[in-house]
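Numbering (our numbering), first residue to last: 156 to 824.
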Amino acid sequence: MNKKSDENANINTNDLKRMEFLVEEVSKHGYNYYVLDSPTISDKEYDLIYDELVALEQETGVTLPNSPTQRVGGEILAGFKKYSHKFRLYSLDKCQTKQQLKSWVFDIKKHYPSADFTCEYKFDGLSLVCTYKNGYFVSAGTRGNGFVGEDVTKQARTIKTLPLKIDFKGELIVQGEAMIRLSNLEKYNKKTQEPLKNARNAVAGAIRNLDPKETAKRNLDWFVYTIHYAENKSFKTQAEMMGFLKSNGFDIGEYFKICKTAEEIFDEIDIIDEKRKNSDILMDGVVIRLNDIAHRDEFGFTSKFPKWAIAYKFEAEEVSSILKDVIWQVGRTGKITPIGIISPVELAGATIKRATLNNIGDIKKKRVAIGSRVFIRRSNEVIPEILGLAELLPNSKDIVPPKNCPSCDTLLVENGANLFCPNFDDCKNQIIERLTNFTSKEAMNIEGLSISTITSLNEKFGVKHFSEIYELTENNFLLLENFKAKKARNIINAIEKSQKVPFHRFINALGIGGVGVKTSKDLAKKFANFDKLKNAEMNEILNIYNIGDVVASNIYEFFKNPYNLNQIDKLKENGVKITYGENSLRLNTIFDNKLVVLTGSLNDFSRLEATAILENFNAQVTTSVTKKTDLVIVGENAGSKLDKAKNLGIKIINEQEFKEIIEKFKNNS
Numbered sequence: 156m157n158k159k160s161d162e163n164a165n166i167n168t169n170d171l172k173r174m175e176f177l178v179e180e181v182s183k184h185g186y187n188y189y190v191l192d193s194p195t196i197s198d199k200e201y202d203l204i205y206d207e208l209v210a211l212e213q214e215t216g217v218t219l220p221n222s223p224t225q226r227v228g229g230e231i232l233a234g235f236k237k238y239s240h241k242f243r244l245y246s247l248d249k250c251q252t253k254q255q256l257k258s259w260v261f262d263i264k265k266h267y268p269s270a271d272f273t274c275e276y277k278f279d280g281l282s283l284v285c286t287y288k289n290g291y292f293v294s295a296g297t298r299g300n301g302f303v304g305e306d307v308t309k310q311a312r313t314i315k316t317l318p319l320k321i322d323f324k325g326e327l328i329v330q331g332e333a334m335i336r337l338s339n340l341e342k343y344n345k346k347t348q349e350p351l352k353n354a355r356n357a358v359a360g361a362i363r364n365l366d367p368k369e370t371a372k373r374n375l376d377w378f379v380y381t382i383h384y385a386e387n388k389s390f391k392t393q394a395e396m397m398g399f400l401k402s403n404g405f406d407i408g409e410y411f412k413i414c415k416t417a418e419e420i421f422d423e424i425d426i427i428d429e430k431r432k433n434s435d436i437l438m439d440g441v442v443i444r445l446n447d448i449a450h451r452d453e454f455g456f457t458s459k460f461p462k463w464a465i466a467y468k469f470e471a472e473e474v475s476s477i478l479k480d481v482i483w484q485v486g487r488t489g490k491i492t493p494i495g496i497i498s499p500v501e502l503a504g505a506t507i508k509r510a511t512l513n514n515i516g517d518i519k520k521k522r523v524a525i526g527s528r529v530f531i532r533r534s535n536e537v538i539p540e541i542l543g544l545a546e547l548l549p550n551s552k553d554i555v556p557p558k559n560c561p562s563c564d565t566l567l568v569e570n571g572a573n574l575f576c577p578n579f580d581d582c583k584n585q586i587i588e589r590l591t592n593f594t595s596k597e598a599m600n601i602e603g604l605s606i607s608t609i610t611s612l613n614e615k616f617g618v619k620h621f622s623e624i625y626e627l628t629e630n631n632f633l634l635l636e637n638f639k640a641k642k643a644r645n646i647i648n649a650i651e652k653s654q655k656v657p658f659h660r661f662i663n664a665l666g667i668g669g670v671g672v673k674t675s676k677d678l679a680k681k682f683a684n685f686d687k688l689k690n691a692e693m694n695e696i697l698n699i700y701n702i703g704d705v706v707a708s709n710i711y712e713f714f715k716n717p718y719n720l721n722q723i724d725k726l727k728e729n730g731v732k733i734t735y736g737e738n739s740l741r742l743n744t745i746f747d748n749k750l751v752v753l754t755g756s757l758n759d760f761s762r763l764e765a766t767a768i769l770e771n772f773n774a775q776v777t778t779s780v781t782k783k784t785d786l787v788i789v790g791e792n793a794g795s796k797l798d799k800a801k802n803l804g805i806k807i808i809n810e811q812e813f814k815e816i817i818e819k820f821k822n823n824s
């Protein structure tokens, strides 16, 4: 047992037992992750037990001889040759709060007041070290334990973004991250019998596959971020080093930023955190380095980390939990969706108790079972999804799909990977879901018609068609439980107000399979009015970006169905009018096809209203100001976003100018 002092030998028995338990747990899960490429817990859960072990070691001053905190990374797999690194590879210390990062910056600034820092993506893939001699790629190795890794030269050679020849003729040793783009992972999973759990495991499995042909099938990328050795070549800064890498044909990624202060670094972190939600590559944080390479020597290294670099880690979007049960939900189109009931777990700032399994085909592919441990991911504020199996447990049992509809008991129909209830007219869940979608904020926007009220209207008055909502009276609502005159009058007013509806929201209200808010807007932009949409041919619909065969067919068939056309006619008879005003103004403005940011308080618009107007003008509204931003609209008390826009030379207009542009095109329409 390693001790800082003799008095630390008298460690509390409970602390010792806890440390022994944590060492076993971290070692077991580290082996599953690094050696077997088959993790049984998420990164977040691993970090929690690892950090607890580190804290106990610091508190007690004792480190067990087999503690995984004393080494970096895994063991050598049988079948691979050893790859000895010419220089030791250190890992990065990490922080998860801005206060921790601020303290790190402060420590650097104490010794070096004029220090500046570089910010780069923290890629979530597999680290590769590659050697070049005489301008040619000669070898590649995994990081391993920092001293010895695995020789994966043949596997690395299959990566198309890894240059096989460079201009620099001296010996060069570089390190980067092997990655698989999410789009490539999706394509791979569509073709394989056994889909991959996630992008991180897809890369590890590809690089550690003894058959390079299998590696090539996954279409990996390699992003280089540092140089360990360049023969007869030195660099003054990280920026200069990255420039050298880029000039030699290495892919260094799309992002590199130099910051002077902690506050500037925080701004970059916020930008990247927002951007990663729509990124095609996995990034789990930001790497911050001291830019001046000469000064790095002054700070040096701990036993594991460089003191001049740190990784800021984002809140985890993936965890594991136990799948306790599966329930089957009936949607508005009759599609049956399996929903996993999981042991409650914290994920991306929320307590998750349910996660979708999409369909029966998804269950078969992912091989999950009730009672098993599964991976769950929540991204971009959408419903959590079960990604795949982490571990089968002794009490695991197969998921058995229903034969009859859980709502109306009708015999289900299997169509491809999905189950459907064919009872369109009388399946209560389908009816409730269709009416709920119809009245929602992004559709007809009938305030006060909650799902419970819609359910009551269906049960008491048999309401099941869209048009019947506009035939309701105050008396109907007064007969419902907990309804009084004011509440009934408010809903009737909301129903009357909804009779005038923008084209894109009307499309969304119809509940066409696969058509949501985004596709509704795309259809409204493509077709000038409802009649043109109704009479559109398949090829016209398919020509719209991001609309595939299935959704296009759903749209086409929807308007060929006499029932649907009859319902639309009845809606018009009951006073529903489609408006096209704002939609027709979308082109030939300064907003068209531009990236726009709103900042500050607007007096005459809510943020939601301003965003809707801009989207109707074919703009894309984002929350962060970057070099790619085209325009910033400022209200009162605009802060750092305005300052940043000025520094970047981005066009800025105020609310009055925004209003004048809108009015000008309304008057000309």
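Even glycine gets a Cβ: it sits at the ideal position worked out from N, Cα and C.
Who are the Cβ neighbours of residue i in its own chain at under 6 Å, not counting the five residues just before and after it?
i    : result
S475 : I196, S197, R528, F530 and A545
T286 : V293, S294 and I328
E737 : Per-residue confidence for E737 stands at a pLDDT of 45, beneath the threshold of 50, marking its modelled position as unreliable; the derived number appears in the next sentence. Closer than 6 Å at the Cβ level, and outside the excluded window around E737, lie N771.
R173 : none
I699 : D677 and K681
Tell me whether the beta-carbon of residue i lies closer than 8 Å to the beta-carbon of residue j.
i    : j    : result
E429 : S779 : yes
V752 : V787 : yes
R363 : F302 : no
L502 : R451 : no
A361 : T370 : yes
A524 : I496 : no
T392 : N433 : no
P828 : G404 : Residue coverage of the chain in this structure runs from 156 to 824, which leaves residue 828 outside it and unanswerable.
I467 : L635 : Sequence inspection shows Tyr at residue 467; the Ile mentioned does not correspond to that position. Not a contact, by the Cβ cut-off of 8 Å.
D170 : L208 : no
L247 : I465 : yes
F621 : I667 : no
C274 : V481 : no
E378 : M334 : The displayed chain sequence assigns Phe, not Glu, to residue 378. Yes, the pair counts as a contact, with Cβ atoms nearer than the cut-off.
E344 : N374 : One detail in the question is off: residue 344 reads as Asn in this sequence, not Glu. Contact: no.
A336 : I424 : A quick correction: the sequence has Arg, not Ala, at residue 336. Their beta carbons are not under 8 Å apart, which means R336 does not touch I424 by this criterion.
A471 : K199 : yes
G489 : Q585 : yes
If you drop the 5 nearest sequence neighbours on each side, which residues of the same chain put their C-beta closer than 8 Å to that of residue i?
i    : result
K558 : L566 and L567
G790 : L753, T754, G755, S756, L757, N758, N809 and E810
F235 : E305, D306, V307, R363 and L365
M693 : A707, S708 and Y711
T511 : T492, P493, I494, G495, I538, P539, E540 and I541
L905 : With the chain running from 156 to 824 in the structure shown, residue 905 is simply not present.
With 16 as the cutoff for other CB atoms within 10 Å, does residue i come out buried or exposed?
i    : result
E409 : exposed
T594 : buried
I427 : buried
T674 : buried
N157 : Note that N157 scores 48 on pLDDT, short of 50, meaning its location in the model is unreliable; the coordinates nonetheless yield the value given after this. When all chains shown are included, N157 counts as exposed.
Look up residue i in the DSSP assignment and say whether it is helix, strand or coil.
i    : result
D422 : helix
G228 : Since pLDDT at G228 reaches only 46, below the 50 mark, its modelled position is unreliable, and no value is offered.
F323 : coil
I515 : helix
G885 : Because residue 885 is not part of the residues shown, which for the chain are 156 to 824, the question remains open.
G495 : strand
E395 : helix
M599 : coil
T168 : helix
R487 : coil
R741 : With a pLDDT of 43 at R741, under the threshold of 50, the modelled position of this residue cannot be trusted, and the question is left open.
T297 : strand
D564 : coil
N535 : In this prediction, N535 scores a pLDDT of 49, lower than 50, which makes its location untrustworthy; the coordinate-derived value is nonetheless stated afterwards. Coil at N535, not helix or strand.
May I ask you to list the residues that DSSP assigns as paired with residue i?
i    : result
G331 : L283 and V379
S239 : V303
Q775 : L750
M438 : F278
L478 : I497
Under 7 Å Cβ to Cβ from residue i, same chain only, skipping five residues before and after it: list those, please.
i    : result
T610 : I587
I647 : E629
What do you reckon, is the C-beta of residue i under 7 Å from a heavy atom of the ligand SAM?
i    : result
E472 : As presented, the structure is devoid of all ligands, the ligand SAM included, so that no description of it is given.
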